[in-house]
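J.:
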Amino acid sequence: MTGATGVIARAVAVAALAATGCADGGGVTLRPVIELPPATSDAYPMAALDQWTLSIAEQGDPSPLSLQTREPPSPPTLAGVPFGDDLVVHLSGTSAGVEIAYGRTCAVSVPGDVLEPHLYFARTVSWGPAPRPAAGNRRRAGGYQRLDGAAVLAGGADGATAIEVFDPRAGAFSTLASQLAPRDGATLSPLLDGRALIVGGRDPDGALVALAEILDAKSDAIAARSEGVPAVSEHAAATLVDGSVIVAGGVGPAGVTAQAWEFGVDAAGQIAAPRLLFDGLALARAGHTMTRLGDDVGADVLVVGGRDASGAPVGLAELYRPLFESFETIEGSGSTMIAPRWGHRAVRMPGGFVLILGGVDPEPVTQLELYDPGLGTFVDAGQLPEGAGVTGMSATPLPDGGVLIAGGFDAAGQRTASAFVARLDEIDGRLVVVGTDSLDVPRADHTAVPLCDGTILVVGGADDPDAPAERYNPSSTGRR
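What follows is the structure, encoded as structure tokens:
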């Protein structure tokens, strides 16, 4: 296990929950373990702080059950905290009445299995160094949030097989004993039970891999299946609301394909035989994206971009209709992409809109566009800011509905440390992109995973194998 090694300082190294009742026999006293970025970091919050407020509330409820305000450096405590499940501890720091720092725990039980709730407290809209992973230069690893809120990082380029877990409750990385098959370009799709399905890619020799693996990062186990599994790379995948996974397109043994498959698990929890769908993509493509448009049963999946068998960028968009098990092209005025591309990012935003950014055609594409699911059209959303990553960047949803765009290769092909936040204007619905705190380390082909406390963990993609991970602390909006 790799610890914080001095990167994160503990401001309060005391037992977090004194499990002794109050004088009247009700509740406990809460003293959280506060984790701070180092004093040399721009994210360090204490220098300008004149007041901090500690509170506890039910998850999703902005009304506190208990609250106390103090002046630093004396840490606030809460007495008489009621027993309960799915409670969240919040710490807000202000300067001249303006919130400049914030942190919260993942959901805890009082009293319960978590007796030392960690709380990462930092300046908002800022990056702070996190512990060092096993390899700070790992590229194109798969990543997802486990059901308990930890981040899982799996596989990647250059024959990477290791699986690492960052647990925000401990503020540390651990490496699992299990190892994945070495491959680059696989898709990783989270399943409803907290596991993840990994399909396709190429081995270190460049050969296509006909292998599916289910990773259980909680029990440190991997189940594999090769029978009936397609050998594809540069494909796309999406997890449906019912938990099945659709894999479509990519480059197979015969070239760019339009075939699509449904993956699921059997009654024993193992990988079921993948089912080749009768209706594949309308157009064979590789390097495309698939984005589920909602969380209701039968929600459509948007397929955009990619390159066809001739290497030309694809502007035709399609929808996968789960209830009909078929793909349909989107027809009508404005139904094709404004800037056809491949190797891009596509992220669902509030209202079901999909932001499409970056990629190549084969030249770098800076055009931003939004897919409007109500009209079935693509809308011009401006340009990526100068210095933004065009390929290899991460685009991660934020708790307030924005999208954090970080790192990547810029239009000149250089790794960048730039970071931006894209969000929809509440009044006119336009896309607004503003700069935010830059990464400490230029990165590209890194992995970004949201954590259960609302922060974003970024790992890998650096030149230096000893580069630490980084953690972005958004504003408190949407994190209650």
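One gets my numbering by counting positions in the sequence shown from 1 and adding 580 to each. Positions of the beta carbon are idealized from the N, C-alpha and C atoms, including for glycine.
How far does the beta strand (DSSP E) with residue 725 in it extend, from its first residue to its last?
T.: From DSSP, the beta strand (DSSP E) with residue 725 extends over 722-725.
J.: Out of 812, 915, 977 and 992, which has the shortest C-alpha to C-alpha gap to residue 945?
T.: The option with the nearest alpha carbon to residue 945 is 992.
J.: Taking the beta carbon of residue 961 as the centre, do at least 16 other beta carbons fall within 10 Å, making it buried, or is it exposed?
T.: Buried, since its Cβ has 16 or more Cβ neighbours within 10 Å.
J.: Around the C-beta of residue 703, are 16 or more other C-beta atoms found within 10 angstroms, so that it is buried, or is it exposed?
T.: Looking at its Cβ environment, which holds 16 or more other Cβ atoms inside 10 Å, residue 703 is buried.
J.: Output needed for residue 956: all residues of its chain with C-beta closer than 7 Å, excluding positions within five of it in sequence on either side, in chain order.
T.: Taken in chain order, the residues that qualify are 910, 912 and 915.
J.: If residue 680 and residue 655 are in contact, beta carbons under 8 Å, what's the gap, nearest whole angstrom?
T.: Between residue 655 and residue 680 the Cβ distance is about 17 Å, and since that is not below 8 Å, they are no contact.
J.: Out of curiosity, what's the CA-to-CA distance linking residue 636 and residue 670?
T.: The alpha-carbon atoms of residue 636 and residue 670 are separated by roughly 6 Å.
J.: Residues in the same chain with beta-carbon distance under 8 Å from residue 605, minus the five sequence neighbours each way, listed in chain order, please.
T.: With a pLDDT of 48 at residue 605, under the threshold of 50, the modelled position of that residue is not reliable, and no figure is offered here.
J.: Hey, how far is the Cα of residue 1002 from the Cα of residue 951?
T.: Taking the straight line from one Cα to the other gives about 15 Å.
J.: Can you name the start and end residues of the beta strand (DSSP E) that residue 1036 belongs to?
T.: Taken as a continuous stretch (DSSP letters only), the beta strand (DSSP E) holding residue 1036 covers 1036-1039.
J.: In angstroms, rounded to a whole number, what distance separates the CA positions of residue 856 and residue 1009?
T.: The straight-line gap from Cα to Cα measures roughly 39 Å.
J.: Assign residue 898 to one of two classes, buried (16 or more other C-beta atoms within 10 Å of its C-beta) or exposed (fewer than that).
T.: Answer is buried; the Cβ neighbour count reaches 16.
J.: Apart from the five residues just before and just after residue 1107, which ones in its own chain have a Cβ nearer than 8 Å to its Cβ?
T.: Nothing in the structure corresponds to residue 1107, since the chain is present only between 581 and 1060.
J.: With DSSP collapsed to three states, give me the class of residue 834.
T.: Of the three classes helix, strand and coil, the one that applies to residue 834 here is coil, per DSSP.
J.: Residue 621 to residue 708, Cα distance in whole Å?
T.: Going from the Cα of residue 621 to the Cα of residue 708 covers about 6 Å.
J.: Residue 921: buried (16+ other C-beta within 10 angstroms of its C-beta) or exposed?
T.: Buried, because 16 or more other Cβ atoms sit within 10 Å of the Cβ of residue 921.
J.: For residue 817, collect the residues of the same chain with a Cβ closer than 7 Å to its Cβ; drop the 5 residues on either side in sequence, then sort them by chain order.
T.: Closer than 7 Å at the Cβ level, and outside the excluded window around residue 817, lie 767, 769, 779, 825, 826, 827 and 870.
J.: Which whole-angstrom value is the C-beta distance of residue 923 and residue 867, which I expect to be below 8 Å?
T.: Contact flag correct, Cβ pair sits at about 5 Å.
J.: With a CB to CB cut of under 7 Å and the five nearest residues on each side skipped, what residues in its chain are close to residue 850?
T.: Contacts found: 803.
J.: Tell whether a beta-carbon distance below 7 Å holds between residue 663 and residue 690.
T.: Contact: yes.
J.: Alpha carbon to alpha carbon, how far is residue 758 from residue 807?
T.: Each residue's Cα considered, the two are about 21 Å apart.
J.: Under 7 Å between the Cβ atoms of residue 772 and residue 800?
T.: No, Cβ-Cβ distance for residue 772 and residue 800 is not below 7 Å.
J.: Please identify the residue among 774, 796, 797 and 813 whose C-alpha is closest to the C-alpha of residue 789.
T.: Nearest of 774, 796, 797 and 813 to residue 789, Cα basis: 813.
J.: Considering residue 960, what are the terminal residues of the beta strand (DSSP E) in which it resides?
T.: Residues 957-963.
J.: Please classify residue 870: does DSSP put it in a helix, a strand, or coil?
T.: Here residue 870 sits in strand by DSSP.
J.: Taking 7 Å as the cut-off, decide whether the C-beta atoms of residue 1021 and residue 1047 are in contact.
T.: Yes, these two residues count as a Cβ contact at 7 Å.
J.: Go ahead and pull the three-state DSSP assignment for residue 932.
T.: If DSSP states are grouped into helix, strand and coil, residue 932 belongs with the helices.
J.: Whose C-beta lies closer than 6 Å to the C-beta of residue 831 among residues of the same chain, with five residues either side of it excluded?
T.: Closer than 6 Å at Cβ, skipping near neighbours: 813, 814 and 866.
J.: Who are residue 709's beta bridge partners in DSSP?
T.: In the DSSP output, where bridge partners are listed per residue, residue 709 has 1050.
J.: At the level of alpha carbons, what is the spacing between residue 822 and residue 796?
T.: So the alpha carbons of these two residues sit roughly 19 Å apart.
J.: Where DSSP assigns a beta bridge to residue 850, which residues make up the other side?
T.: Paired residues: none, contrary to the question.
J.: Helix, strand or coil: which one does DSSP assign to residue 627?
T.: Residue state, collapsed to three classes: helix.
J.: Can you find the residues in the same chain that come closer than 8 Å, C-beta to C-beta, to residue 965, ignoring five residues on each side of it along the sequence?
T.: Closer than 8 Å at Cβ, skipping near neighbours: 998, 1000, 1013 and 1015.
J.: Going by alpha carbons, who is nearest to residue 836 out of 889, 970 and 863?
T.: Ranking the options by Cα distance to residue 836, first place goes to 889.
J.: Just how far apart, CA to CA, sit residue 723 and residue 793?
T.: About 14 Å.
J.: What beta strand (DSSP E) runs, 3 residues minimum, are completely inside the segment 740-774?
T.: Those beta strand (DSSP E) runs which fall completely within the segment 740-774 and span 3+ residues are 743-747, 752-755 and 767-770.
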